[in-house]
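One structure below.
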Amino acid sequence: RTMYSLFLAMTGGRDWGETAHLVAHAGQAYGAIVACFVFINLFSVLNIVTGIFVDGAIEVGKRDRQSMISRKNVSREANRKHFVALLEQVDSDGDGVI
Numbered sequence: 015r016t017m018y019s020l021f022l023a024m025t026g027g028r029d030w031g032e033t034a035h036l037v038a039h040a041g042q043a044y045g046a047i048v049a050c051f052v053f054i055n056l057f058s059v060l061n062i063v064t065g066i067f068v069d070g071a072i073e074v075g076k077r078d079r080q081s082m083i084s085r086k087n088v089s090r091e092a093n094r095k096h097f098v099a100l101l102e103q104v105d106s107d108g109d110g111v112i
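Here the numbering used here is used: the first residue of the sequence shown is 15, the next is one more, and so on.
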């Protein structure tokens with residue numbers, strides 16, 4: 015029954031302050047322990063969820079960066095081909111000297 019009460023306090027099924035208040039009737043220390051338990055677990059879960067989102071954002075950023083680098087390389091190669099074609103047109107006798 016105690017584990018169920020802690021589960022309800024963690025998942026929002028029951029106000030954790032109410033649970034801590036009920037346990038505090040057995041002693042103030044027990045109420046403080048419940049409050050600390052909820053506090054530590056809530057922030058641990060929030061930290062894990064935040065870490066998952068941040069990790070996902072970093073991965074998306076890496077893929078986006080790789081995509082930008084790839085597009086830049088394709089653009090450079092196209093510019094190089096255009097420049098070589100222009101130089102070949104300027105070289106009227108084909109000796110490789112402008």
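For glycine and all other residues, C-beta sits at the position ideal for the given N, C-alpha and C. These numbers come from a predicted model, not from an experiment.
> From which residue to which residue does the alpha helix (DSSP H) around Val111 run?
Replying inline: The residue labelled residue 111 in the question sits at position 97 within the sequence shown. Under the DSSP assignment, Val111 falls outside any alpha helix (DSSP H); it carries neither an H nor an E label.
>> I need the DSSP call for Ala40, collapsed to helix, strand or coil.
In response: Position 26 of the sequence shown, counting from 1, holds the residue named residue 40. It is coil, neither helix nor strand.
>> Could you compute how far the alpha carbon of Asp78 sits from the alpha carbon of Asn61?
In response: In the sequence shown, counting from the first residue as 1, residue 78 sits at position 64. In the sequence shown, counting from the first residue as 1, residue 61 sits at position 47. C-alpha separation (whole angstroms): 25 Å.
>> Is it buried or exposed, Thr64, if we count other Cβ atoms within 10 angstroms and call 16 or more buried?
In response: For the purposes of this step, residue 64 is taken as the residue at position 50 of the sequence shown. A residue is called buried once 16 or more other Cβ atoms fall within 10 Å of its Cβ, and Thr64, having fewer, is exposed.
> What number of angstroms, rounded off, separates the C-alpha of Asn55 from the C-alpha of Gly70?
Replying inline: In the sequence shown, the residue the question calls residue 55 occupies position 41. In the sequence shown, the residue the question calls residue 70 occupies position 56. C-alpha of Asn55 to C-alpha of Gly70: approximately 23 Å in a straight line.
> With DSSP run on the structure shown, which of helix, strand or coil describes Gly26?
Replying inline: As a working note, residue 26 is residue 12 in the sequence shown. Three-state DSSP puts Gly26 in coil, outside helix and strand.
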